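Down below is the structure, laid out as structure tokens.
There are 2 protein chains.
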Amino acid sequence: MARAGLTRERLARAGAELADEVGFDEVTVSALARRFDVKVASLYSHVKNSHDLKTLICLLALEELADRGAAALAGRAGKDALAALANVYRDYAREHPGRYAAAQLRLDPEAAAASAGVRHAQMTRAILRGYNLTEPDQTHAVRLLGSVFHGYVSLELGGGFSHSAPDTQTTWTRVIDALDALLRNWPAPSGPGPAHRSTS
Amino acid sequence: MARAGLTRERLARAGAELADEVGFDEVTVSALARRFDVKVASLYSHVKNSHDLKTLICLLALEELADRGAAALAGRAGKDALAALANVYRDYAREHPGRYAAAQLRLDPEAAAASAGVRHAQMTRAILRGYNLTEPDQTHAVRLLGSVFHGYVSLELGGGFSHSAPDTQTTWTRVIDALDALLRNWPAPSGPGPAHRSTS
DNA sequence: GCAATTACCTAAAAGCCTTAGGCAAGCGGA
DNA sequence: TCCGCTTGCCTAAGGCTTTTAGGTAATTGC
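These protein sequence lines are chains Z and F, in that order. Just so you know, we're using our numbering here: the first sequence kicks off at 846 and counts up by one. Just so you know, we're using our numbering here: the second sequence kicks off at 846 and counts up by one.
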């Protein structure tokens, strides 16, 4: 009987499509086997286990996102670059919600270090070249931008902002305006002051 | 034989503890039954299905978070209030990672409207009373704050900032400084300008 | 103390994960 | 061309989780 021609790459790709269709949580070895019209056990020649499969999809999504980010950043600087990268994340999450969810998978440290995740941090840092930030403020700003991008996109995707005025597109552009203004005018550290501190 | 005394409330509470111990994704009807030393089917008298159980835990977490937020905000205003609420989210996520993950569960709209989620939005809006923002900027700011809180906490919890200098506590206080500065100096909308727009 | 309720049980079917071992397809070399 | 080896996909099987149906015993209220 003819072989299906399974590969780790093909599994990752099909798994990513499946994730976008039914949600990342519903991606299962069984479902993927059905999609290839193959018995479940056959996948275990290519994939260690269910978690390995999800890791593959995560890595694929991180690569795609990083590629899109790099393309969007090329030739841009300052606020233009900021908006471009921000939109890459948001657009990707809307086009490929399953893949975006996959990209949030917690990778073990070595896998994370070898993944495209590092390119993401580099791209965010590259944006800050258009603003006058020195260390350690640059790192603080990288983390802030990452938090806003991820937080906004995931809340919006989860329906957190749903159906209330003003529309989320308007808020999104205003948030980018605000981040741009903030980066151009990054505040000096406040004194110890009365601000409540975390107890941990 | 003696009865276990199961209740929706007790199930939610035990489920929350279980989530903190093994992770929200590993919370299962079976595991919870084991914890009560009871057969699995018995839980189905109290809980519709697995998703219903997770919803219960989510609602519990949202309540707890809102209660902590309200307590932290009492008697505070301005940056002090901002830092207090921010720390509530972060501290809660660190103390109760499983519950925090549960709070991110996507609720169906009516459940969401009846949940403590609305109190969260109100609290964030209350903070903005200490800053001079009018609609629609106030809503934009509410969404931005929500994004930063959620995004930062979830990235930090997922290890996104792990083991790199400067430490995350320093970044966190600087991020709050930055948000405070931004809210005190909220920028006017930029013109149409050259900024890249989302294609969607 | 008895009836009615309800809490928990047994039983069973279905789906997913994972491992072990078998057959055959397709490749390399003679 | 034919043979053997590798490897891709298979069958079989055990274990865990979900969910439903229907039974028995504990508790509540009169």
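The beta-carbon is built from N, C-alpha and C at its ideal position, and this holds for glycine as well. Everything numeric in this text was worked out from a predicted model, so none of it was measured.
Contact set for residue i: own chain, Cβ-Cβ below 6 Å, skip 5 residues either direction
i        : result
F/Leu904 : Ser960
F/Ala947 : Ala864, Phe869, Ile902, Cys903, Ala906
Z/Ala916 : none
F/Arg970 : Val987
Same chain, Cβ closer than 8 Å to residue i, five either side skipped, listed in chain order
i         : result
Z/Val883  : Ala849, Leu851
Z/Ala1040 : In this prediction, Z/Ala1040 has a pLDDT of 46, which is less than 50 and means its spatial position is unreliable; nothing more can be read from the coordinates.
Z/Leu877  : Leu856, Ala859, Gly860, Leu863, Leu888, Leu898
Z/Val892  : Arg853, Leu856, Val874, Leu898, Leu901
Z/Ser1035 : none
Assigned secondary structure, residue i (DSSP; H/G/I helix, E/B strand, else coil)
i         : result
F/Leu888  : helix
F/Leu1000 : helix
Z/Arg848  : coil
Z/His1008 : coil
Z/Leu978  : coil
Z/Leu910  : helix
Z/Asp1052 : Because residue 1052 of chain Z is not part of the residues shown, which for chain Z are 846 to 1045, the question remains open.
F/Pro942  : helix
Z/Gly920  : coil
Z/Trp1031 : coil
Z/Leu927  : helix
F/Asn932  : helix
F/Arg853  : helix
Z/Asp870  : helix
F/Ala877  : The question names Ala, yet the displayed sequence has Leu at residue 877 of chain F. DSSP places F/Leu877 in helix when its eight states are reduced to three.
F/Leu898  : helix
F/Arg1042 : Confidence is the limiting factor: at F/Arg1042 the pLDDT is only 46, short of 50, which leaves the residue's position unreliable and the question unanswerable from this model.
Z/Val963  : helix
F/Leu952  : coil
Neighbouring residues, chain Z, relative to residue i (Cβ below 7 Å)
i         : result
F/Phe1006 : Arg988
F/Ser1035 : Asp1022
F/Leu1000 : Gly991, Ser992, His995
F/Arg913  : Within 7 Å Cβ-Cβ: nothing; F/Arg913 doesn't reach chain Z, min ~12 Å.
F/Arg964  : Going along chain Z, no residue has its Cβ under 7 Å from F/Arg964, so there is no contact; the nearest lies around 14 Å.
Residues that residue i contacts on chain F, provided the C-beta gap is smaller than 7 Å
i        : result
Z/His941 : Per Cβ cutoff of 7 Å: no residues; Z/His941 is ~12 Å from chain F at best.
Z/Arg944 : Within 7 Å Cβ-Cβ: nothing; Z/Arg944 doesn't reach chain F, min ~16 Å.
Partner residues on chain Z for residue i, Cβ-Cβ distance less than 9 Å
i        : result
F/Val993 : Leu989, Ser992, Val993, Gly996, Tyr997
F/Gly860 : Per Cβ cutoff of 9 Å: no residues; F/Gly860 is ~18 Å from chain Z at best.
F/Ala956 : Within 9 Å Cβ-Cβ: nothing; F/Ala956 doesn't reach chain Z, min ~11 Å.
Other residues of its chain near residue i: CB distance less than 7 Å, five sequence neighbours each side excluded
i        : result
Z/Lys924 : Asp1025
F/Pro942 : Asp865, Leu1002
F/Arg913 : Val933, Tyr937
Z/Leu952 : Thr900, Cys903, Ser960
F/Gly975 : Ala922, Gly923, Ala926
Where residue i meets chain Z, residues with beta-carbon distance less than 8 Å
i        : result
F/Thr984 : Ser1009, Ala1010, Pro1011, Thr1016
F/Arg853 : Those within 8 Å of F/Arg853 in chain Z number zero; the least Cβ separation is about 24 Å.
Chain-ordered neighbours of residue i on chain F, where CB pairs are closer than 9 Å
i        : result
Z/Ala938 : Those within 9 Å of Z/Ala938 in chain F number zero; the least Cβ separation is about 10 Å.
Z/Leu888 : Within 9 Å Cβ-Cβ: nothing; Z/Leu888 doesn't reach chain F, min ~21 Å.
Chain-ordered chain F contacts of residue i [CB-CB under 8 Å]
i         : result
Z/Arg951  : Gly1003, Gly1004
Z/Leu973  : Under the 8 Å cutoff, chain F gives no residues; its nearest Cβ is about 13 Å from Z/Leu973.
Z/Leu1027 : Ala1023, Ala1026, Leu1027
| said: Can you confirm whether the segment 920-934 of chain F touches the segment 969-982 of chain Z when touching is taken to mean that 3 or more C-beta pairs between the two stretches lie within less than 8 Å? | reply: no
| query | Given 8 Å as the limit, is there contact between the segment 1009-1027 of chain Z and the segment 1010-1020 of chain F, that is, 3 or more CB pairs closer than that? | reply | no
| Any 3 or more C-beta pairs closer than 8 Å across the segment 991-998 of chain F and the segment 984-1002 of chain Z | yes
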